[in-house]
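For the record, the sequence lines run as chains G, F and R.
Counting in the numbering used here, the first sequence runs from 47 upward without gaps.
Counting in the numbering used here, the second sequence runs from 1188 upward without gaps.
Counting in the numbering used here, the third sequence runs from 61 upward without gaps.
Ideal Cβ placement from N, Cα and C applies to all residues, glycine included.
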Amino acid sequence: MGIRPILLSFKQSKFFSLMVVLQVALTLAAVSHSVFSTNALLRNWSVPSGLDARNMLIERSQFFIDDINLDGVISRDLQQLSQIPGVQHVTTTNQIPFAADGISEVFKEAGTEAQRYLAATFQMNSSALDVLGVELISGRSFYPNEVLKGQLSPETEYPSVIMISDALANEMFGQESPLGKTIWPVRNAQPAEVIGVYTNFMTGQILNGIGKSYNTTIRPMEVWTPAALDPGYLMRVDPGSAESLLENVRDVIYQQQGRYVFRNEVLTRTKKRMHDARSSQAMVMAAVSVVLVLITAFGIVGLVSFLVRQREKQIGIRRALGATRKNILRYFLLENTLLTILGLILGAALTIGIAVKFPALSGTKFIHYDYILYVAIFLWCINLLAVYWPAKKAANIKPAQVIG
Amino acid sequence: MLKMAGVSKIYRTSEIETCALNKIDLHIKAGEFITVKGPSGSGKTTLLNVAGLLESFEEGELLLDGDNVKGLNDDKLSALRNQKIGFIFQGFNLLPELPVFDNVDVPLRYRGFDAKERKKRIDNALEIVGLTSRRKHLPMQLSGGQQQRVAIARALAGEPRFLLADEPTGNLDSTMAKEVMELLKKINNEGTTIIMVTHDDELAAKASRSINILDGRIVDVAEAGKTNIGGHKTQSTQEADHAGL
Amino acid sequence: MLAYNLQLAWISLRQTPGLTLLAIAAIAIGLGVLMTIQTQSRHMRSLPIGPVSENIYLVQMDNRDLNAPSLDQSFEMPSLSFRDAMYLLNTDTPAIDATTTWKTRGIITTTGQEYNPVRGIAVATNSGFFSIFNVPFLYGNGWTADSDTQGNAVVVISNRLNRTLFGDEDSVGRQITIIDKQATIVGVLDEWPITSQFYDRSFFRGFSDDIFLPQSFAISMNLPRYTRIECQAADRPRTRAYQLADVRHVINSECAWVNLWVKLETEDSVENYKSLMENYVSEQKALGRFPREQNNFLDNIVTHQNAFLSRDARFKFYQRLSWFFAGVCLLNAILILLAKFIRKTKEVALRRALGAKRNVLLVQYLIELVVIGAIGALAGLALSYLGLQGMLGVYMYGTDYEYPLSTVEQLYQMDWQLIRDALLIGILSTIVAGLYPIWKVCNVAPAPLLKTE
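Set out below in structure tokens:
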């Protein structure tokens, strides 16, 4: 069966055809935009964290009394926290995994022209790897005597050793072994020698968003600055005990006057915050898109059912003249496909036009032309399914009953 | 070439059973022009639909060119209709959105001919019915007689062995009816078997055989040129007659 | 006749339950999504403190470097330096009321505390704050102008903080400790129906601020400047220090960090205030300040809010998507209604043959449309309620329940305007969707349809 009779029937029902085309076009534009947005939101969303967050605790507090020498406080805290039954390892930290959005630039050479590598720098003590639960791939961890302690000042000499993550090692040195290499954790500042490479763990939202989820360095530092009197601790605890230890950990801090705890949580909570803001929006998008596709599909079911009823007699005549059921089915599928393709082409143009004219979400790459194609194919399949049911009914029309 | 033996057709609704055809025996030879007469609701159209493989039947056998059609699947029936049978309806049943040319084209498309063959056949069929000049017109731009001639052309294009016509002149005035009738006669003379349902005695008289049908039974058969032989028969003798048809 | 038409409409709806249901569903879902997003949008755009928002202006005078990029929008322009803000606050101006604000924070404790310390977000401001912004009090009042000049240790606290510290009791006259300084509570805020924190230019909608204290007191305590400080090139490296270190440095700098709000009720006073600003800048230029060409802004809260909202790319995206969505649903409704009404062609032909005028039939089908639209609108209303609740839930979940429900849920509330809009848009769009179909149906010529069959 040819296309010509179908084209002729479009001419007879211009309005119908136009509406179907428009509907498909708008649906494609709307769904493509939701997909773009969902994609932008969920890019790298589901990469594994490399951390056993359920068994890690964070504790961040702040002194609101000036003129505190934190040296004593930090060693007291570390000692008392590690004595809590259930706490296995404790380290000080400047950043928290899943929220490590203080991004630093790391260099392979000195000088202002050096190429930068983005990473999150963690300042932790020699328990770092035990607390994080990541494994050493090569080299060694810090010796306790390498850890820089005390108040940080502009004159402080930074530690001369550093560990970097597998991902960062790959990005900076490729296949070469990074061990023994010198890197500059701050542009033109004191360099440090890479002594160890450890398995990857999650940084935070921002690095995750740009595809550098695992770029980290760990420097052996247990330090504080007068401006921010806020020592932070990361702990590894006995499996399953994290929730019950929160109270004990908080009490250790509040035993001292003048302190305020502003974060006291299991690391899963931090992880959840990193993921949920994006996933919840993506969920809304997905739900909206599904409903939209359903609406379009039901509309097409209703429409084709109507067309079938409209054309009962015509179908009967065609059947009498020798059309098989398959011929009739194919007629409706083909008719719908033609309209759908027209709509999809228009919709693709609309999608691209809108996305280019109003760049919705700046920063990341938003339009993906291949996604438009996938959405279009998906919509086409949905439309075929939507047509199939009423078209099947059309094919079952008994010619003798409708022609007189 | 078409043989019905004890064909019965029953319409069932939840409460009522209607016997539309009751043990019909009918043998139609090639080249015949048969008219079927009878009052409204007597089963004429059902007979035509069954003969045209548009409707199934419950009992009996139907042989088309010696082949039993009972139990054939829908696709096979469609193909048979397409190749061997042409339909002409009272209401013309043209596809309104298609021009004359494309209307005639419909059965040829299903037959799977190539474009050249289709064009040849369409042109030929249109020439037979004398509508070559109207090939680009839409049905509604034509008169009733012309529309019916298009329908005839469509039925002829596939060069069917059978032409089934359901009151082809019912919607036409007498001049047009006559034109259509002449055309059918001409087609019959060229070898196509025609079965035609009609109310019109005058038209029926032109046929080679005329069947009267009442309540789903054939009650009367008249051969052309002969007098009505069944007019006064009783029910029981009629049945005896059928067996010999 | 109306009753007859309604009856016919009802019969017709029941004749084609599938198509009718589809049409209603399409309208309801389109409306539900549109209303969910538009209601949020309307709540976002609603005047932050009611009609008076239009009479309260932010004073901005461009005191940036010569090589700073040129700005033609007040939204990006820095606030004022401390000295300019204080001069304009204390000099004689056409403003009926005025106040300065900047954000700070401190750890709050009370003597003999039985609970852990609380971190309070604080606003350093003036006694004018409470009058210019119509701040309602649960207990007590704002402080007097004397406290502004003398730097008295007085505070006003939010009812949320009052609940935390004193369990909703009248705490006026009691002491709290901000970091290490004692201060006397003079007032406790009631629920303050502002939609966002416009007064610090953040338009933030999470926590409400907990503590309001005289700027002079905040300065004497050297509280941190928890706010954006925009400095000229010479001061820029010290910006971070200006937030935390000795406040005296930043007070004497050219850095901009103080918001000055003035209330002006007439066009004239706005013009007068503008010329006052111009004169002031000219005078200061003579003293070697204000290196750039004069570029002053006096925009009200509404203008600032609009500029803020126009930056919310994600929300604009949602809005655009909601229109798309409604468009698809409306097209769908048109198609379904067309299908539905074309089935009536024969009925129309018959009625017309029986003497019905075209207009009578049009009215009949219009009434049917209105019935469909009304049912669709009600269903859409129910869906928008679910949608708003769902969005609220998603937002709360997405932000890890960090912000109090009471401040967040403002954006997700159903109100009379939503109900009115939903009914209006629902019925109107149904009529728009159905107009072509019924027009087409009512214009069929009756004769040919009746003849066949």
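Assigned with DSSP and collapsed to three states, G:S184 falls in strand.
Residues A99, F144 of the same chain have their beta carbon placed closer than 6 Å to that of G:K317, with the five preceding and five following residues left out of the count. Only residues of its own chain outside the window of five on either side were considered, and among them L291, N294, V295, V298 have a CB closer than 8 Å to the CB of G:I130, listed in chain order. Interface residue (Cβ-Cβ distance to chain G less than 7 Å): F:S1265 is classified as such. For F:E1242, the CB contacts under 8 Å within the same chain, skipping 5 residues up- and downstream, are K1196, T1233, N1236 in chain order. Taking C-beta separations shorter than 7 Å and ignoring five residues to either side along the sequence, the partners of R:S218 in its chain run L249, S268, D269, D270, following chain order. For the segment 1268-1284 of chain F, the residues whose beta carbon sits under 9 Å from a beta carbon of chain G are, in order, R1268, N1269, Q1270, I1272, G1273, F1274, F1276, Q1277, G1278, N1280, L1281, L1282, P1283, E1284. With 16 or more other Cβ atoms from the protein chains shown falling within 10 Å of its own Cβ, R:T76 counts as buried.
Residue ranges of uninterrupted alpha helix (DSSP H) with 4 or more members, entirely inside the segment 1330-1412 of chain F and ordered along the chain, are 1331-1344, 1361-1376, 1388-1392. Contact with chain G is found for F:D1262, since one of that chain's Cβ atoms lies less than 7 Å from the residue's Cβ.
Cα atoms of F:I1339 and G:M331: separation of roughly 58 Å, rounded to the nearest angstrom. For F:N1236, a Cβ of chain G is located within less than 7 Å of the residue's own Cβ.
According to the DSSP secondary-structure assignment, G:P266 is paired through a beta bridge with G:M170.
Judged by beta-carbon spacing, R:I361 lies beyond the 7 Å limit of R:S101, meaning their Cβ atoms are not closer than that value. It is roughly 24 Å from the alpha-carbon of R:T185 to the alpha-carbon of R:R124. For G:Y260, same chain residues with a beta-carbon under 6 Å away, outside a window of 5 residues either side, are S211, A213, N246 in chain order.
By the neighbour-count criterion, in which 16 or more other beta carbons inside 10 Å mark a residue as buried, G:E181 falls on the exposed side. Annotation: the continuous beta strand (DSSP E) that includes R:Q120 extends over 116-121. When Cβ-Cβ separations below 7 Å define contact, G:M102 makes no contact with chain R. Straight across, the Cα-Cα distance linking F:D1388 with F:D1407 is about 14 Å.
At least 7 Å separates the beta-carbon of F:R1305 from that of G:G368. Among the residues of the segment 380-391 of chain R, those with a Cβ less than 8 Å away from any Cβ of chain G are R380, L381, F384, F385, G387, V388, C389, L391, in the order of the chain. For R:P108, there is no enclosing alpha helix (DSSP H); the residue is found in the beta strand (DSSP E) stretching over 108-111.
When Cβ pairs closer than 8 Å are counted between the two stretches, the segment 1312-1322 of chain F is seen to touch the segment 1330-1350 of chain F, the count reaching three or more. Between the C-alpha atoms of F:T1362 and F:Q1328 there is a straight-line separation of about 19 Å. For R:R480, the closest alpha carbon among the candidates R:A305, R:Y472, R:Y457, R:L441 is that of R:L441. For G:D117, there is no enclosing beta strand (DSSP E); the enclosing alpha helix (DSSP H) covers residues 116-129.
From the listed residues R:I254, R:I435, R:A367, the smallest Cα separation to R:P196 is found for R:I254. Among the CB atoms of chain G, none fall inside 7 Å of the CB of R:G266. Close CB contacts of R:N356 within its chain, under the 6 Å cut and outside five residues either way in sequence, are with M121, M337 (chain order).
For F:V1293, the neighbours in chain G by C-beta distance under 7 Å run, in chain order, R364, L367. Remark: C-beta atoms of F:K1224 and F:N1399 approach each other more closely than 7 Å. Beta-bridge annotation (DSSP): R:L273 is paired with R:A184. Shown here for R:S313: same chain residues with a beta carbon closer than 6 Å to its own, the five before and five after excluded, namely D295 in chain order. Contact residues of the segment 89-101 of chain G toward chain R are absent (C-beta to C-beta distance below 7 Å). Here G:L419 is exposed: its Cβ has fewer than 16 other Cβ atoms, across all protein chains shown, within 10 Å.
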